[in-house]
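This report concerns only the one structure given below.
Number of protein chains: 2
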Amino acid sequence: MKRHRNGEIWNFESQTPAAGAGVILGLDGGTTSTVCVCLPVAMPPAGPLPNPLPILSRAVAGCSNHNSVGETAARETLQEVMAQALSKACSSRAAVQAVCLAVSGVNHPMDQQRLLDWLRDIFPSHVKFYVENDAVAALASGTMGKLHGCVLIAGTGTIAYGFTEDGREARAAGAGPILGDWGSGYGIAAQALTAVMRAHDGRGPQTKLTKNILDILGLSSPDELIGWTYADPSWARIAALVPVVVSSAEDGDEVANRILYDSVQELADSVIAVVRRLRLCGKDGGDTFPLVMVGGVLEANKRWDIGKEVINCISKVYPGADPIRPKRDLTAAV
Amino acid sequence: MKRHRNGEIWNFESQTPAAGAGVILGLDGGTTSTVCVCLPVAMPPAGPLPNPLPILSRAVAGCSNHNSVGETAARETLQEVMAQALSKACSSRAAVQAVCLAVSGVNHPMDQQRLLDWLRDIFPSHVKFYVENDAVAALASGTMGKLHGCVLIAGTGTIAYGFTEDGREARAAGAGPILGDWGSGYGIAAQALTAVMRAHDGRGPQTKLTKNILDILGLSSPDELIGWTYADPSWARIAALVPVVVSSAEDGDEVANRILYDSVQELADSVIAVVRRLRLCGKDGGDTFPLVMVGGVLEANKRWDIGKEVINCISKVYPGADPIRPKRDLTAAV
Numbered sequence: 000m001k002r003h004r005n006g007e008i009w010n011f012e013s014q015t016p017a018a019g020a021g022v023i024l025g026l027d028g029g030t031t032s033t034v035c036v037c038l039p040v041a042m043p044p045a046g047p048l049p050n051p052l053p054i055l056s057r058a059v060a061g062c063s064n065h066n067s068v069g070e071t072a073a074r075e076t077l078q079e080v081m082a083q084a085l086s087k088a089c090s091s092r093a094a095v096q097a098v099c100l101a102v103s104g105v106n107h108p109m110d111q112q113r114l115l116d117w118l119r120d121i122f123p124s125h126v127k128f129y130v131e132n133d134a135v136a137a138l139a140s141g142t143m144g145k146l147h148g149c150v151l152i153a154g155t156g157t158i159a160y161g162f163t164e165d166g167r168e169a170r171a172a173g174a175g176p177i178l179g180d181w182g183s184g185y186g187i188a189a190q191a192l193t194a195v196m197r198a199h200d201g202r203g204p205q206t207k208l209t210k211n212i213l214d215i216l217g218l219s220s221p222d223e224l225i226g227w228t229y230a231d232p233s234w235a236r237i238a239a240l241v242p243v244v245v246s247s248a249e250d251g252d253e254v255a256n257r258i259l260y261d262s263v264q265e266l267a268d269s270v271i272a273v274v275r276r277l278r279l280c281g282k283d284g285g286d287t288f289p290l291v292m293v294g295g296v297l298e299a300n301k302r303w304d305i306g307k308e309v310i311n312c313i314s315k316v317y318p319g320a321d322p323i324r325p326k327r328d329l330t331a332a333v
Numbered sequence: 000m001k002r003h004r005n006g007e008i009w010n011f012e013s014q015t016p017a018a019g020a021g022v023i024l025g026l027d028g029g030t031t032s033t034v035c036v037c038l039p040v041a042m043p044p045a046g047p048l049p050n051p052l053p054i055l056s057r058a059v060a061g062c063s064n065h066n067s068v069g070e071t072a073a074r075e076t077l078q079e080v081m082a083q084a085l086s087k088a089c090s091s092r093a094a095v096q097a098v099c100l101a102v103s104g105v106n107h108p109m110d111q112q113r114l115l116d117w118l119r120d121i122f123p124s125h126v127k128f129y130v131e132n133d134a135v136a137a138l139a140s141g142t143m144g145k146l147h148g149c150v151l152i153a154g155t156g157t158i159a160y161g162f163t164e165d166g167r168e169a170r171a172a173g174a175g176p177i178l179g180d181w182g183s184g185y186g187i188a189a190q191a192l193t194a195v196m197r198a199h200d201g202r203g204p205q206t207k208l209t210k211n212i213l214d215i216l217g218l219s220s221p222d223e224l225i226g227w228t229y230a231d232p233s234w235a236r237i238a239a240l241v242p243v244v245v246s247s248a249e250d251g252d253e254v255a256n257r258i259l260y261d262s263v264q265e266l267a268d269s270v271i272a273v274v275r276r277l278r279l280c281g282k283d284g285g286d287t288f289p290l291v292m293v294g295g296v297l298e299a300n301k302r303w304d305i306g307k308e309v310i311n312c313i314s315k316v317y318p319g320a321d322p323i324r325p326k327r328d329l330t331a332a333v
């Protein structure tokens, strides 16, 4: 607790009892929002997790993906949401036994190491730390803690992540918008914005996306979209346009439909790549495996159901895919 | 000259004669570099410009596209490079008669207005100002000042911009990397980075781009590319990978070749859209028109010649396209 020992974020600790009951912090950090829950330590040491989990408190904040908002802002969000969860639970860092951060943007052992070093600076020395990509928590949320099968996240970003029963792992996509995550909410929205520009300057067909997107943004011409797009680097702001793309497609717009079908294929391709590399479908290709589906793009439940189309696409290649849509938010199983 | 009157940038003016000869500042602002030249006012008031132009001084700086680096950094670059050009010419703002800024990222009358207001704050009230997209200067650089025909810029960014003899204008692309400028240097490099990620996680075919890009960046695994990509938001840093894509294509790599051919088509499409909207090819489609080609992507003069392929592509649709590759840098004709 060298850093921030006297920081305002942790001021609430002076009001909490010195020796509270032991707690665990579980955090699911995405590119749009970050959720932290505080759980009591007194849970069965092995066996299935209690359902529902005895959550003491829950705190919500914005983006904690360092690739999207930068390392400083991401860490500030992480620290604030952890402090808020502890404060709401009338607990303090002295009572924390373990912290599990499952954060999007953790793509490399170095990302993991930097977060571990940072956590060690904030918490007492006895605390155990676990840092993973948020996809790992997402998978666990669908399998009640067992790391087996494949998870597909499609929210602002997208990633497919899989584990075999013997602990091998593989991932596909999850490299952010510059590196071709076209099936993500950001990817879908960026393709829609591009289609508007192409219709405007004569390179592409006319589309209902033009009127629909300009209306929702309160802009009067596609030229103004350029300034709007680059005024703020947040990925979530662009991804928030996905519902407009879906409603335009439902309204029969061919360009919007093409974007959604292409994105469905992209999302399916990332799952297929993971399943193939891990042989989750067994040697003869027919084994059943859990396919956990999470994120706003897959959960929209609109008439144009992206999640359903992705499952159809995957099932044609791997009929053993057993789709699971977790009912609770991811942090329930962290 | 309200703002920065006492700023360090303009300190040199206290050393210059109070009433120097009148000068003009011409500035070409790109996403990778910005060039400002200082010219004497004493030039023929009409008729063709002298060739070569009597340039008093020339200063170079980095990116001045506000969409890439933000408005504050872009303006700082613009101000510094103008001050440097004046200082090198032993002149000062009091001697300036006109300033012409041709800057990438000027996409809307509001962009233009903001720069005009800013210039009025920096320079004395008698100075005339012209603010345009850098494509306008690029066109003029190939036609010795006459605004007629079409220009294609493909450097870090890309834009096609055209004028008819009676002053109508049209543009295509130029909306930056989020809005689908796939033929730009940034677009080509981002597609190459994406191809590396896809080969790595099993979604795409293996490619020589993997080894070639990792080698040049000093990285050991494609996973490290994610951190590298998002560590710095500069578009120019990504675009600097274009030579690796070209050499990989020359080396027979199919993925790199596909990226370059797709980009050629994108670049040609933007010119074709402008020519069609302005009817630069005349009513029967056979008229000749100048097609000015500028920017690092088109001027590479490698065995895989992107510029030549773009011209081939355009000529199939508009045989009257008369390609011009300006010999001097753009600011020579500003």
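Listed in order, the protein sequences are those of chains A and B. Heads up, the first sequence is in numbering that gives the first Met the number 0, so the first residue is 0 and it goes up one at a time. Heads up, the second sequence is in numbering that gives the first Met the number 0, so the first residue is 0 and it goes up one at a time. Ideal placement from N, C-alpha and C gives every residue a C-beta, glycine not left out.
> Near K127(A), which residues of its chain fall below 6 Å by C-beta distance, leaving aside the five closest residues on each side in sequence?
Replying inline: On the first sequence, residue 127(A) is found 128 positions in, with the first residue counted as 1. Cβ neighbours of K127(A) beyond the five flanking positions: A97.
> Does the beta carbon of N132(A) sit closer than 8 Å to a beta carbon anywhere in chain B?
Replying inline: Residue mapping note: residue 132(A) aligns to position 133 of the first sequence, counting from 1. So no, N132(A) is outside the interface.
> Would you report the Cα separation of V273(B) and C99(A), rounded to the nearest angstrom?
Replying inline: The residue labelled residue 273(B) in the question sits at position 274 within the second sequence. The residue labelled residue 99(A) in the question sits at position 100 within the first sequence. Going by the C-alpha atoms only, they are around 55 Å apart.
> Where do the N-terminal and C-terminal ends of the alpha helix (DSSP H) with C149(B) fall, by residue?
Replying inline: Sequence index remark: in the second sequence, residue 149(B) carries index 150 (1-based). Segment 148-153 is the beta strand (DSSP E) holding C149(B); no alpha helix (DSSP H) there.
> From what residue to what residue does the alpha helix (DSSP H) around C280(A) run?
Replying inline: Start at 1 with the first residue of the first sequence, and residue 280(A) comes out as number 281. Run containing C280(A): none; DSSP gives neither H nor E here.
> Can you name, in chain order, every residue of its own chain whose Cβ lies under 8 Å from the Cβ of A174(B), other than the five neighbours on each side?
Replying inline: Stepping through the second sequence from its first residue, residue 174(B) is reached at position 175. For A174(B), where only same-chain residues beyond five positions count, the Cβ hits under 8 Å are N106, D180.
> Going along chain A, which residues have a C-beta under 7 Å from S269(B)?
Replying inline: In the second sequence, residue 269(B) corresponds to position 270, counting from 1. Those within 7 Å of S269(B) in chain A are R202.
> By DSSP, does T71(B) sit in helix, in strand, or in coil?
Replying inline: For this step, residue 71(B) is matched to residue 72 along the second sequence. Here T71(B) sits in helix by DSSP.
> Does the beta-carbon distance from R74(A) to P123(A) come in below 8 Å?
Replying inline: Here the question's residue 74(A) lines up with position 75 in the first sequence. Here the question's residue 123(A) lines up with position 124 in the first sequence. Not a contact, by the Cβ cut-off of 8 Å.
> Measuring CA to CA, which of Q112(B), N256(B), L290(B), L218(B) is closest to T163(B)?
Replying inline: Mapped onto the second sequence, residue 163(B) falls at position 164. Of Q112(B), N256(B), L290(B), L218(B), the residue nearest in Cα terms is L290(B).
> If you pair each beta-carbon of the segment 53-66 of chain B with each one of the segment 24-36 of chain B, do three or more pairs fall below 8 Å?
Replying inline: yes
>> By alpha-carbon positions, which one of K315(B), I310(B), A94(B) ends up nearest to C39(B)?
In response: Translated into positions along the second sequence, residue 39(B) becomes position 40. Residue identity differs from the one stated: residue 39(B) is Pro in this sequence, not Cys. Ranking K315(B), I310(B), A94(B) by Cα distance to P39(B) puts A94(B) first.
> Taking 8 Å as the CB-CB cut-off, is I313(B) touching chain A?
Replying inline: Residue 313(B) sits at position 314 when you count from the first residue of the second sequence. For I313(B), the answer is no, since every Cβ of chain A falls outside 8 Å of its Cβ.
> When the Cα of A191(B) is compared with those of I177(B), S220(B), T209(B), which residue comes out closest?
Replying inline: Within the second sequence, numbered from 1, the residue matching residue 191(B) stands at position 192. Comparing Cα positions, the closest option is T209(B).
> Is it true that the segment 278-290 of chain B meets the segment 318-326 of chain B, where meeting means three or more beta-carbon pairs spaced less than 8 Å apart?
Replying inline: yes
>> On the CB-based measure, 16 or more other CB atoms within 10 Å of its CB, does T71(A) come out buried or exposed?
In response: On the first sequence, position 72 is the one that residue 71(A) refers to. Exposed, by the Cβ-count rule.
> Where does N10(B) land, buried or exposed, given buried means 16+ other C-beta within 10 angstroms?
Replying inline: Start at 1 with the first residue of the second sequence, and residue 10(B) comes out as number 11. It is exposed - the Cβ of N10(B) has fewer than 16 other Cβ atoms within 10 Å.
> Is N5(B) helix, strand or coil when you go by DSSP?
Replying inline: Residue mapping note: residue 5(B) aligns to position 6 of the second sequence, counting from 1. Residue confidence is low: N5(B) scores 45 on pLDDT, short of 50, so the model does not pin down where it sits. No coordinate-derived value is stated.
> If you follow the alpha helix (DSSP H) that P108(A) is part of, which residue opens it and which one closes it?
Replying inline: Here residue 108(A) corresponds to residue number 109 of the first sequence, with the count starting at 1. Taken as a continuous stretch (DSSP letters only), the alpha helix (DSSP H) holding P108(A) covers 108-121.
>> According to DSSP, S56(A) sits in a beta bridge with which residue or residues?
In response: Counted from its first residue, the first sequence places residue 56(A) at position 57. Note: S56(A) sits in a beta bridge opposite C37(A).
> chain B partners of P232(A), CB-CB under 8 Å?
Replying inline: Position 233 of the first sequence holds residue 232(A). Per Cβ cutoff of 8 Å: P232.
> Candidates Y260(A), D110(A), E131(A), G251(A): which alpha carbon is nearest G338(A)'s?
Replying inline: Because chain A in this structure spans residues 0 to 333, residue 338(A) falls outside the shown range and cannot be described.
>> Alpha carbons only, please: which of R202(B), M196(B), D268(B) is nearest the one belonging to L213(B)?
In response: Counting from one through the second sequence, the residue named residue 213(B) turns up at place 214. With distances taken between Cα atoms, L213(B) lies closest to M196(B).
> Does the beta carbon of H147(B) come closer than 8 Å to any beta carbon on chain A?
Replying inline: On the second sequence, position 148 is the one that residue 147(B) refers to. False, the Cβ-Cβ gap to chain A never drops below 8 Å.
>> I'd like the span of the beta strand (DSSP E) that includes I310(B), first residue to last.
In response: As a position in the second sequence, residue 310(B) is number 311, starting the count at 1. Taken as a continuous stretch (DSSP letters only), I310(B) belongs to no beta strand (DSSP E), being part of the alpha helix (DSSP H) at 305-316.
> Do you know offhand how far L240(B)'s Cα is from I187(B)'s?
Replying inline: Residue mapping note: residue 240(B) aligns to position 241 of the second sequence, counting from 1. Residue mapping note: residue 187(B) aligns to position 188 of the second sequence, counting from 1. C-alpha separation (whole angstroms): 8 Å.
>> Contact defined as beta carbons within less than 8 Å: I believe G28(A) pairs with S103(A). What is the distance between those atoms, to the nearest angstrom?
In response: Indexing the first sequence from 1 puts residue 28(A) at position 29. Indexing the first sequence from 1 puts residue 103(A) at position 104. Right, their Cβ atoms sit about 6 Å apart.
>> Let me make sure I understand the geometry here. Which of A238(B), V243(B), M143(B) has the alpha-carbon closest to that of K207(B)?
In response: The residue given as residue 207(B) occupies position 208 in the second sequence. Ranking A238(B), V243(B), M143(B) by Cα distance to K207(B) puts V243(B) first.
>> Counting only C-beta atoms, is E384(A) closer than 8 Å to chain B at any point?
In response: No answer is possible for residue 384(A): it lies beyond the span of chain A, which begins at 0 and ends at 333.
> For K127(B), which residues does DSSP report across the bridge?
Replying inline: For this step, residue 127(B) is matched to residue 128 along the second sequence. Answer is A97(B).
>> Counting only C-beta atoms, is R2(B) closer than 8 Å to chain A at any point?
In response: As a first step, residue 2(B) must be located in the second sequence, where it is residue number 3. Residue confidence is low: R2(B) scores 49 on pLDDT, short of 50, so the model does not pin down where it sits. Its coordinate-derived value is still stated next. Closer than 8 Å: no.
> In the segment 208-241 of chain B, which residues sit with their C-beta less than 9 Å from some C-beta in chain A, listed in chain order?
Replying inline: S220, P221, D222, E223, L224, I225, G226, T228, Y229, A230, P232, I237
> Among the residues of its own chain, which have a CB less than 6 Å from the CB of I313(A), if the five just before and after it don't count?
Replying inline: For the purposes of this step, residue 313(A) is identified with residue 314 of the first sequence, where counting begins at 1. Cβ within range, chain order: A267, V270, A320.
> From R276(A) to S247(B), what does the alpha carbon distance come to, in whole angstroms?
Replying inline: In the first sequence, counting from the first residue as 1, residue 276(A) sits at position 277. In the second sequence, counting from the first residue as 1, residue 247(B) sits at position 248. Answer to the nearest angstrom: the Cα atoms are 27 Å apart.
> Apart from the five residues on each side of it in sequence, which residues of its chain come closer than 8 Å, Cβ to Cβ, to L224(A)?
Replying inline: For the purposes of this step, residue 224(A) is identified with residue 225 of the first sequence, where counting begins at 1. Same-chain partners within the cutoff: L192, V195, M196, I212, L213, L216, L218.
>> Just to check my reading of the structure: I152(A) and D133(A) have Cβ atoms closer than 8 Å, yes? What is that Cβ distance to the nearest angstrom?
In response: For the purposes of this step, residue 152(A) is taken as the residue at position 153 of the first sequence. For the purposes of this step, residue 133(A) is taken as the residue at position 134 of the first sequence. With 8 Å as the limit, I152(A) and D133(A) qualify as a contact, their Cβ atoms being about 7 Å apart.
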